[in-house]
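In what follows, a single structure is set out as structure tokens and then discussed.
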Amino acid sequence: MENGGIEEADDALPVPTPLNGRRYRPVGSSDRAVIQMTSMEPGSSSAASIEAVVTPQPPRNLKPDANLTIDPSMREGSPDDHAASGGSQGDSKLELFGFDSLVNILGLKSMTGEHIQAPSSPRDGEDVAITIGRPKETGPKFGTMMGVFVPCLQNILGIIYYIRFTWIVGMAGVWQSLVLVSFCGACTFLTGISLSAIATNGAMKGGGPYYLIGRALGPEVGVSIGLCFFLGNAVAGSMYVLGAVETFLDAVPSAGLFQKSVTVVNNTLVNGTETAGTSTISTPSLHDLQVYGVIVTILLCFIVFGGVKIINKVAPAFLIPVLFSLLCIYLGVFIAPRHNAPKGITGLSITTFKDNWGSDYQRTNNAGVPDPSGSIYWDFNALVGLFFPAVTGIMAGSNRSASLKDTQRSIPIGTLSATLTTTAMYLFSVLLFGALATREELLTDRLLTATVAWPAPAVIYIGIILSTLGAALQSLTGAPSWRPRWKFHHWSLSLVGALLCVVIMFLISWSFTVVSLALASLIYYYVSIKGKAGDWGDGFKSAYFQLALRSLRSLGANQVHPKNWYPIPLIFCRPWGKLPENVPCHPKLADFANCMKKKGRGMSIFVSIMDGDYHELAEDAKTACRQLDAYIDYKRCEGVAEIIVAPTMSDGFRSIVQTMGLGNLKPNIVVMRYPEIWRRENLTQIPSTFVSIINYCIIANKAVVIVKGLDEWPNEYQRQYGTIDLYWIVRDGGLMLLLSQLLLTKESFESCKIQVFCISEEDTDAEELKADVKKFLYDLRMQAEVIVVTMKSWESHMESSSTGAQQDDSHEAYTSAQQRIRTYLDEMKETAQRERQPLMENGRQVVVNEQKVDKFLCTMLKLNSTILRYSRMAAVVLVSLPPPPLNHPSYFYMEYMDLLVENVPRMLIVRGYTRDVVTFFT
1 MENGGIEEAD DALPVPTPLN GRRYRPVGSS DRAVIQMTSM EPGSSSAASI EAVVTPQPPR
61 NLKPDANLTI DPSMREGSPD DHAASGGSQG DSKLELFGFD SLVNILGLKS MTGEHIQAPS
121 SPRDGEDVAI TIGRPKETGP KFGTMMGVFV PCLQNILGII YYIRFTWIVG MAGVWQSLVL
181 VSFCGACTFL TGISLSAIAT NGAMKGGGPY YLIGRALGPE VGVSIGLCFF LGNAVAGSMY
241 VLGAVETFLD AVPSAGLFQK SVTVVNNTLV NGTETAGTST ISTPSLHDLQ VYGVIVTILL
301 CFIVFGGVKI INKVAPAFLI PVLFSLLCIY LGVFIAPRHN APKGITGLSI TTFKDNWGSD
361 YQRTNNAGVP DPSGSIYWDF NALVGLFFPA VTGIMAGSNR SASLKDTQRS IPIGTLSATL
421 TTTAMYLFSV LLFGALATRE ELLTDRLLTA TVAWPAPAVI YIGIILSTLG AALQSLTGAP
481 SWRPRWKFHH WSLSLVGALL CVVIMFLISW SFTVVSLALA SLIYYYVSIK GKAGDWGDGF
541 KSAYFQLALR SLRSLGANQV HPKNWYPIPL IFCRPWGKLP ENVPCHPKLA DFANCMKKKG
601 RGMSIFVSIM DGDYHELAED AKTACRQLDA YIDYKRCEGV AEIIVAPTMS DGFRSIVQTM
661 GLGNLKPNIV VMRYPEIWRR ENLTQIPSTF VSIINYCIIA NKAVVIVKGL DEWPNEYQRQ
721 YGTIDLYWIV RDGGLMLLLS QLLLTKESFE SCKIQVFCIS EEDTDAEELK ADVKKFLYDL
781 RMQAEVIVVT MKSWESHMES SSTGAQQDDS HEAYTSAQQR IRTYLDEMKE TAQRERQPLM
841 ENGRQVVVNE QKVDKFLCTM LKLNSTILRY SRMAAVVLVS LPPPPLNHPS YFYMEYMDLL
901 VENVPRMLIV RGYTRDVVTF FT
């Protein structure tokens, strides 16, 4: 499209100017017509059209080109007039659609404009209240680097790397250490991919891991894993505190209140010297660790009690020492050995590397010092348990979800980048430490990283203490409280990651693993516990019946949350009597029903209505139901068949829309074909039936999808190319967007791209509108091209000749519809005068405002011209369905609709919900 997807169309659709003089504004809760989207309520556009019959006027031949000639009586009122009327709908050229402005989704988290109540649990709804107006001021928002990458890096690089990593290399050797790091790093990386998939499954607010898991798998799993994560965080926090205290006591031995000696056995090299007898080295006492640990924990709690602002100010101060200490370690490794360095530190040596290549598992005492009579024997499984906490900490970013600018982008990129960075650093460190010092030095020097650090060990001591305290602070702060955008995720990766986690758990300790799984299962059962199931007898059928009842009850009677909303289409198989008697349903209608279900899964209800008396047609209805059911099985549609016998089709549909379904398994979308044959003389009841069906759906809050060009609808083997074009004119709860996404899941449409057309009145607003709509679709995880069509005002009165066959066809259709309406109105008036009664149609009084009739026709002409201009070659076009104007003849409404669909080969006319069917949130 020219101008970056922003087109200027002279065939403009008018929108009244708001009171503030700015045409483009967010819609507030006071815009009742936008929110309700229906003409069936008092005060709507249709109600405003109930006026006395005016004096007949000759048809106005309007040009279908860019500059239509509009009668002065149809001109938009001045701003003062608009202010006086309060911005009523009656002034809108799009009054036929039942609202007073074009689609405007700015500032709204709800697709319908309704206020979203705060939920009581992740299953009940969103955990944030959305209000219209000035947003509440919030704290500073963090990006990917400071919000996710840095906290994850700081949490992962903990005490184990500084104090125990060289010891692990000495015990396991170089090659087994590489396997150990790769194994644990792969587990964390796969977990990060699964976390990314959940985090990108919608806009995420506060709540951290519990929010993520609870939204994806339900509150039972969220509570179970969240509580275990809380316990793990508590253990990790204690480990960080003890690491800081141990480092401090090693650096300042005189600060210890208690002193403990460790005996080193004979024939053990200590600092490169073989001992003939026994030697002693000082290690912190267990009592010292406990006393100082309690003091440090209390001080950290005071910081946490100070609030998030203080924590955010303090936390970055812990990062700089970590990075600086790592730099000092690597500088020291490359310049070692230095003057007065222990003999065990050889510097980077290939001989030392070969000596340390293999493993040398042995017994140690409680302090980790090699001792043949020690009580602890180390092997690979034990080292997995020791090292694995060094790769955890990836939840630090999700813990700060409420403080992130863009959670869907920051959490995946930041978490996976931190995981890959630390894993690469660990692998590099294994190679360096394996070539740096002898095995004896690796096993006996508790702080080898400080020994080799340049310029002095004190730098490492300070870095270790501050980094571990920062990680402990995050452990105290972080609250353990699916159409994912993350394209690198697959369910098999999550399965492999879960299996790796279970394997690592059993490698560390099978007994603790069993206890952990039992604890999680008990918590899950406690959260999801319900009454004990009764025994309904034997056999699989009884079990299936019981399971179905329990599943139906578990759905509840409340409205389904948008995250769990799924279409349950009611397929109107034979509404207009066009099919032969032996064909129970149009084949393409069954194909379209499958397009409304992801991967063909879901429930559909196929309904046919037989005109007549039930006593006479009961057996025929049963036979027809069996035929329809067999046809559904033949088309491989998951659904049920129903045959209704009623005096008229309208009566039958009224019964269907009120009673069909059970609980939350009631149909929510009515699907039928467009009645192209309604003009036939023997089908004069089609207009009134069509209008009544739409009105019944509006009253019952059912969505409507009308398929125009059903005979040309592709089957599953006919691949389509091009675009799926959405003309989003009214807020429909997101149903039109959802349908377009469902179409893309089918083989026939998977090669198509989505285009969303929005309308702006001024060029200056177009870029802003386009950016906001793009952000809106991004939050909905939908990939689509946004095209903004700018429309000029209709206040000018200019005429120009029609250009091109497209305009000629539209002009001919418009004038023909105008003439047919005139003829039909004259016949109605003659009948009314002859019978001395008001204008009547099918036993009900109608009111005709010829000015509004012309305006409605003109609106449909403009929309049809816009569609033909941009979407003539589209694979399918989706457009909003205008509700039937109240008290207008149904014949007029059919003329409006015919003008809208003129020359469009394949179209879906959609009437959505007054509630959301898609959501920003996970």
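Heads up, the sequence shown is in the UniProt record's numbering, so the first residue is 1 and it goes up one at a time. A virtual CB, placed ideally from N, CA and C, is assigned to each residue, including glycine.
Exposure label - residue i; buried when at least 16 CB within 10 Å
i      : result
Thr623 : exposed
His586 : buried
Pro56  : Per-residue confidence for Pro56 stands at a pLDDT of 42, beneath the threshold of 50, marking its modelled position as unreliable; no derived number is given.
Ser554 : exposed
Asn381 : exposed
Trp378 : buried
Ala456 : exposed
Pro732 : At residue 732 the sequence reads Asp, which differs from the Pro that was named. Burial call: buried.
His615 : exposed
Tyr717 : exposed
Asn155 : buried
Ala533 : At Ala533 the pLDDT is 39, less than 50, meaning the model places this residue with poor confidence and gives no usable figure here.
Pro253 : exposed
Phe165 : buried
Gln837 : exposed
Lys354 : exposed
Residues bridged to residue i [DSSP beta-bridge criterion]
i      : result
Gly639 : Ser604
Ser880 : Val910
Glu785 : Gln755
Leu437 : The sequence given here places Ala at residue 437; Leu does not occur at that position. According to DSSP, which records beta bridges pairwise, Ala437 is partnered with Ile345.
Leu404 : Phe142
Glu841 : Arg844
Phe248 : In the DSSP output, where bridge partners are listed per residue, Phe248 has none listed.
Val670 : Leu570, Val704
Thr364 : Pro370, Ile376
Ile644 : Ile609
Contact under 7 Å by Cβ, residue i with residue j
i           : j      : result
Thr438      : Asp445 : no
Leu190      : Val502 : no
residue 925 : Leu899 : It is not possible to answer for residue 925, since the shown part of the chain is limited to 1 through 922.
Arg719      : Ser748 : yes
Leu416      : Gly192 : yes
Ala646      : Ile609 : yes
Val322      : Gly414 : no
Gly652      : Ile605 : no
Ser410      : Val148 : yes
Thr421      : Tyr162 : no
Arg906      : Gly661 : no
Leu878      : Leu726 : yes
Ile724      : Val514 : no
Residue i (DSSP reduced to helix, strand or coil)
i      : result
Ser44  : Its pLDDT being 35, under 50, Ser44 is placed unreliably by the model, and the measurement read from it follows with that caveat. Here Ser44 sits in coil by DSSP.
His797 : Low local confidence applies: a pLDDT of 31 at His797 is under 50, so the model's placement there is unreliable, and no value is given.
Met649 : helix
Leu726 : strand
Asp611 : strand
Phe749 : coil
Arg869 : helix
Ile394 : coil
Ile706 : strand
Trp370 : In the sequence as displayed, the identity of residue 370 is Pro instead of Trp. Pro370 falls in the strand class under three-state DSSP.
Gly358 : coil
Met660 : coil
Cys187 : helix
His888 : coil
Met596 : coil
Glu581 : coil
Integer-rounded CB distance, given that residue j should sit under 8 Å from residue i
i      : j      : result
Val607 : Leu570 : 6 Å
Val910 : Ser880 : 6 Å
Leu735 : Tyr913 : 6 Å
Thr648 : Asp611 : 6 Å
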